[in-house]
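From first to last, the protein sequence lines stand for chains A and U. Every letter in the first sequence is one number past the one before it in the UniProt record's numbering, and letter 242, counting from 1, is 242. Every letter in the second sequence is one number past the one before it in the UniProt record's numbering, and letter 290, counting from 1, is 290. Even glycine gets a Cβ: it sits at the ideal position worked out from N, Cα and C.
Number of protein chains: 2
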Amino acid sequence: MPLGERTGDRSDSRYCGVETEFSDDMPRLLSFNINGGFDFVVADLMDPGYRPSLRSDDDIKSGALPVAGSDLILSPSEWSSRVVGKISSWIDLDTDDAVLRRDSETTLKQQITWASHLSLQACLLPAPRSMSCVNYARCVNQILQGINSMQLWLRIPLKKPDDDDAMDNLLVEVGEQVDSWEIWNLFRLLCEHHSQLSIALDILSSLPSINSLGRWFGEPVRAAIINADSFLTNARGFPCLSKRHQKLVTAFFKHSVQIVISGRPTHELPIGSTESGNQRHPLRLYLDYIGFLYQRLDPLPEQERYELGYRDFLQSPLQPLMDNLEAQTYETFERDTVKYIQYKRAICKVLMDRIPDEKVSVETTVLMVVGAGRGPLIRASLQAAEETGRKLDIYAVEKNPNAVVTLHSLLKLEGWENAVTIVSSDMRCWDAPVKADILVSELLGSFGDNELSPECLDGAQRFLKPDGVSIPSSYTSFLQPITASKLYNDVKLHKDLVHFETAYVVKLHNVARLAPCQPVFTFTHPDYSAQKTKQRYSKLEFDIPSDTGSALVHGFAGYFDATLYKDVHLSIEPTMATPNMFSWFPIFFPLKEPVCVRPGSPLEVHIWRCCGSAKVWYEWCVTSPYSSPIHNSDGRSYWGKSNAQRKITTCHTELGKVLGLPRYVLISR
Amino acid sequence: MPLGERTGDRSDSRYCGVETEFSDDMPRLLSFNINGGFDFVVADLMDPGYRPSLRSDDDIKSGALPVAGSDLILSPSEWSSRVVGKISSWIDLDTDDAVLRRDSETTLKQQITWASHLSLQACLLPAPRSMSCVNYARCVNQILQGINSMQLWLRIPLKKPDDDDAMDNLLVEVGEQVDSWEIWNLFRLLCEHHSQLSIALDILSSLPSINSLGRWFGEPVRAAIINADSFLTNARGFPCLSKRHQKLVTAFFKHSVQIVISGRPTHELPIGSTESGNQRHPLRLYLDYIGFLYQRLDPLPEQERYELGYRDFLQSPLQPLMDNLEAQTYETFERDTVKYIQYKRAICKVLMDRIPDEKVSVETTVLMVVGAGRGPLIRASLQAAEETGRKLDIYAVEKNPNAVVTLHSLLKLEGWENAVTIVSSDMRCWDAPVKADILVSELLGSFGDNELSPECLDGAQRFLKPDGVSIPSSYTSFLQPITASKLYNDVKLHKDLVHFETAYVVKLHNVARLAPCQPVFTFTHPDYSAQKTKQRYSKLEFDIPSDTGSALVHGFAGYFDATLYKDVHLSIEPTMATPNMFSWFPIFFPLKEPVCVRPGSPLEVHIWRCCGSAKVWYEWCVTSPYSSPIHNSDGRSYWGKSNAQRKITTCHTELGKVLGLPRYVLISR
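As structure tokens, this is what we get:
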């Protein structure tokens, strides 16, 4: 039965498994463990004493392999939902003993074939014995070519030698000391990042550093196997985990990693605590403790529940559903009250700065909303006027005729007719009757300038008085290297170059953030400089903390921080993110070939914002530790139109499509 | 006019160019240099004083760029065959000076556009100033996306700091000292190995080590620019080159690299040597010296002339022309007399060993030719019998009914009826009336076992007496890492995985062999061992000589060495190749992503020969300095059939196709 109920949580981590010894009575084995409270077993599929080369002639004649009972002894649904097949741990495909090597390959293939026949969801592969596991990887890779939907969980002990142990951190392997991530990385590179190859981490009694652990959350970890040995004993004699282990298990729960209990119990059931006459499962105390940790989790906040379906889901710039969702998109965005409160605060500050108290009754401030949509910025502006007691004359410029319909009815409904002039026009054609004190817009994308806010506001600044103010007054994009194996595999699925040269909007969840963000491009408005250009080039050097160990960079997460006015910001950059604002997910720039970064060698990245006569695009590349190709050269795969046909409305509709980036679109999956 | 005539040589290296200063009178510039003996000029296309940001308003109004005359001043064919455009050398795309950077990008694009308009065949790009050339590469890469067939020659000075200069050979850049290959490599990786990006090497007065120079012969070097400064003076006061320079220039001639003379003359024409009244070209003495080196070349041997068309030409395993060429293929192979002389020598030695002189008249040796084809091995066997005075009873087993026709007429023609029995049969069905003393076959492919000789001979050894001998008695394959940018680009052209997971037969020419060959798989016949398997796994570690510098490995060249009997070999392994034997070109195993190997880090390669129930295939990967995926997993892209449908004839026909490897096929290009 599940570990507990957590509102909204439907992830696999509610289920807990147990690793068992081989038994040729699988039904009894299963019922014992299910009755003992576990949800599934990780069980040997074949007698571990079996060796193909040692079979007697009789065995060979009968043709039957020594499996744990025929497929008929369990129902198909029991096999698939209750049993993870365990491959015999004696196999060694990289030994010098040719007979053992051949036996190992034969056995591995026989057991996987058997597991496929049973329609198991996953098999657990024994841990590679060292970095010399190339033949093992070759054999597993062959199997992956022909496999059904079954997952192969490669067992990997969670260990990394301390930097002190490793005299020289250029050495991966120091005697027996090896960073087990390196083994995983070698294995998965050889298997070409196959999406059915995943990880079962063996949790040992001591844990590596936080940074080192962090790497695994970007990797396809499906299970964490905790041996009874790794538990401590609490004051009342019950098993418990160290604080660091507890934190790790909690993180596993949050990342859909299933816990598997393993080994022999090292705690005895306290006297008198046995229930009735039933035999209790010897590992029940450990299961109960894991259940306790699960139940102790905070409930999932509403916003996160709402966003569950978007986790690690690449929003394609070619999303065809977008066009039918415009009203609903407005709806979604307008619900982000935090964002409009920030706008209101910024407008208040500008009004207070420009109109001294003594002039409140004589001066009227001209405010233009560029891309008024269905009116949220008008509302924020009017609220600011009311709060500060300043008078406003608002022009709401909107190109989208559908939104203009809404605006007109809103004006009537709210009684805003005297304060607001609706301009149903393309701003490029509009001949403004007055110059504005304040230009308000919400044209920012997840990466700041990616929805062409710089181009739009540069055109709009002709409406502004020489001392006029733009809200936002500036914005900066940020970049950060991440491990994101799921995202990488989802991009790779398309089997083309275009998808690797496209940036995606995505709610990042199963990713490892490998280094702090760095600023990339900044735009300031208005910009009256002579040699102004909207082209940008930035070279970033990231240092991954050395106790992380090596890590694989699948691409870069992008964010923005915008200064609306003075100290009023909108931000999705993790360290300064505006709380409870949900209009933007991060952006993801993938790399065609993930880059392995070793401790001590910096990661050097170049990114360009390029402007052609009719389009705007990004190019990016890595030049250290080794060079990637330049992605999206000449905007061949991914760009935004900046030519005369461009429409300026709100960021949610036409402009949202300019760089093809829906920031937040309700799509059914 | 060309440097000279060399029989059979039709390569571009016959033509010599000259680098000139800017002139706005292009016709005069060209005729002066052509009359001076040069074949083409490398000339500025635009006034080097031009800066886009410094143009006067008048210039901008007129819209005309300061180019060296309009397109009409030369004929289209003169523009395209006589002029290589030189991009202004002042451009600097990686300077911190934003105005200069923008001017550079504008100018570069304007000049390339102009060169395209003129249909020039190539433009010379100025040398990158340092490893900080990423923005330059980005801009060139953009240009490459939209270019016509024009080549861009990136100017690269040929220099590499000595190991002594570089205190630490892990450091690529020591102050100003940088291995210019590193700059090229960075640039081409960023430009994704674009096939229109090539190299013009600046030859300086001192040269790097031989190993370091060797790398460039696998790179797309189109021109070598020799400055007059780099010439020495001979005893008679004329310019000449150092011995090492001479060798290098000779190697350039052989690799189709064009020489360009550059700079101001530093030698004066000896008094009295001026011809008539004509003004001699100031660089004429240098040109004459280069012509002298060209004319001194040995004529191309006949065999090489014959193979010219095959140089660096990947023979595709899907070559559809093959099927119509069988008789011609026999013809071609039978011409390889060296090969059959070796077979004859081997048979002689076996006969002498098995039949002592005193038994010559009483004993008859049974010899079976497995895959007799049109009879060359029968002829060699009979010659051996005659030379040694031993008696032979020959069975010629041949599956191909067309070849059997030829065999029968050959027997009549040569009067071999008494000595030879033709068996028109598939050897698997044949019930041999006697057991053989000697089994002779020619089933080897370029990589030894790749045409399934092991499988064939394993089946045939049942015909052999317990002490019988197989010719060949063993064979070993060899592998060697190579730089081969042309081959890599040709494979890449297919834009699929299959072609990167296929081995090709190819006459290697423009390649750099980076390390000595190492043995891979060995097969011995007959093989009576109990646990015998035809699967193989080999792990190789190559050390590239440290004075080479870094190098890019595009894949591996494969060869074989076969022991026919005792000391009689057939080999294409370069250090022990059988002289004048031409039946086999090497094999080439490509890598999906070329691997950059730095000095001091070994290159670790794994290769497997895998046998399934119905097919045989290779898998390969690199694991150091970093890991590649395993190529051709499960034989998904490339394999040979080993099932019941396999036919055994001669290696040139059916078996030649088994692994899809024509070793030498006459194809028109």
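Query, Result
"Starting from the N-terminal side, write out each stretch of the beta strand (DSSP E) that is 3 residues or longer and does not extend beyond the region 132-165 of chain A.", "151-157"
"For the alpha helix (DSSP H) containing A/C348, name the first residue and the last one.", "337-354"
"Quick test of your reading: U/D103 and A/G146, contact by CB under 8 Å. State the CB separation rounded to the nearest angstrom.", "Contact doesn't hold; Cβ gap of about 58 Å is too wide."
"Can you give me the C-alpha to C-alpha distance between A/D357 and A/L382, rounded to a whole angstrom?", "18 Å"
"Would DSSP call U/H193 helix, strand or coil?", "coil"
"For a cutoff of 8 Å on Cβ pairs, would you count A/D168 as touching chain U?", "With a pLDDT of only 47 at A/D168, under the threshold of 50, the placement of this residue in the model should not be trusted; the figure read from the coordinates follows. Answer no: the Cβ-Cβ gap between A/D168 and chain U never drops below 8 Å."
"Leaving out five residues on either side along the sequence, give the residues of the same chain with a beta carbon under 6 Å from the beta carbon of U/V511.", "G218, I482, A484"
"Whose CA, out of U/K359, U/L74, U/P590, U/L100, lies closest to the CA of U/I91?", "U/L100"
"Using the Cα positions of A/Y559 and A/T578, report the straight-line distance between them to the nearest angstrom.", "12 Å"
"Which of the three DSSP states is assigned to U/C517 in this structure?", "coil"
"Name the DSSP bridge partner or partners of U/I226?", "U/I203, U/I261"
"What residues from chain U crowd round A/V99, counting only those whose CB sits closer than 9 Å?", "Q531"
"Under a Cβ-count criterion, where at least 16 other Cβ atoms within 10 Å of its own Cβ denotes burial, should A/H408 be classed as buried or exposed?", "exposed"
"Please report how far the alpha carbon of residue 675 of chain U lies from the alpha carbon of U/T337, in whole angstroms.", "Given a span of 1 to 669 for chain U in the structure shown, any question on residue 675 of chain U remains unanswerable."
"Are the region 503-521 of chain A and the region 435-443 of chain A in contact at 8 Å, needing three or more beta carbon pairs?", "no"
"Quick check: what's the CA-CA separation for U/V469 versus U/E501?", "36 Å"
"To the nearest angstrom, report how far apart U/L3 and U/S11 are at their CA atoms.", "12 Å"
"Quick check: what's the CA-CA separation for A/P602 versus U/I259?", "41 Å"
"Quick one: does residue 671 of chain U have its CB under 8 Å from some CB of chain A?", "Since the first and last residues shown for chain U are 1 and 669, residue 671 of chain U lies out of range."
"Output yes if chain U places a C-beta closer than 8 Å to the C-beta of A/L186; else output no.", "yes"
"U/L300 and U/D9 look like a contact to me (Cβ under 8 Å); what is the Cβ gap, rounded to whole Å?", "6 Å"
"From A/D353, A/R354, A/Y504, A/V595, pick the residue whose C-alpha is nearest to that of A/C621; which is it?", "A/V595"
"Closer than 8 Å, CB to CB, is U/R636 near chain A or not?", "yes"
"My assumption, with CB atoms under 8 Å, is that A/L158 sits in contact with A/L152. Please give the rounded CB distance.", "Contact doesn't hold; Cβ gap of about 18 Å is too wide."
"Helix, strand or coil: which one does DSSP assign to U/T623?", "strand"
"One question on the structure: do A/K344 and A/S583 come within less than 8 Å of each other, judged by their Cβ atoms?", "no"
"Comparing C-alpha positions only, which one of A/R280, A/K391, A/K109, A/F463 sits nearest to A/C123?", "A/K109"
"Could you tell me how far apart the beta carbons of U/Q303 and U/L570 are, in whole angstroms, since I believe they sit closer than 8 Å?", "Contact flag wrong, Cβ pair sits at about 17 Å."
"Mark A/E192 as exposed unless 16 or more other C-beta atoms lie within 10 angstroms of its C-beta, in which case mark it buried.", "buried"
"In the DSSP assignment, what are the bridge partners of residue 727 of chain A?", "There is simply no residue 727 of chain A to check, as chain A begins at 1 and stops at 669 in what is shown."
"How about A/I587 and A/Y504: are their beta carbons less than 8 Å apart?", "yes"
"Measuring only the C-alpha atoms, how far is U/W216 from U/L283?", "27 Å"
"Tell me which same chain residues have a C-beta within less than 8 Å of the C-beta of A/L65, skipping the five on either side of it?", "M46, Y50, Q110, W114"
"Closer than 8 Å, CB to CB, is U/C596 near chain A or not?", "yes"
"Any beta carbon from chain A within less than 8 Å of U/E192's own beta carbon?", "yes"
"I'd like to know whether the C-beta of A/N141 is nearer than 8 Å to at least one C-beta of chain U.", "yes"
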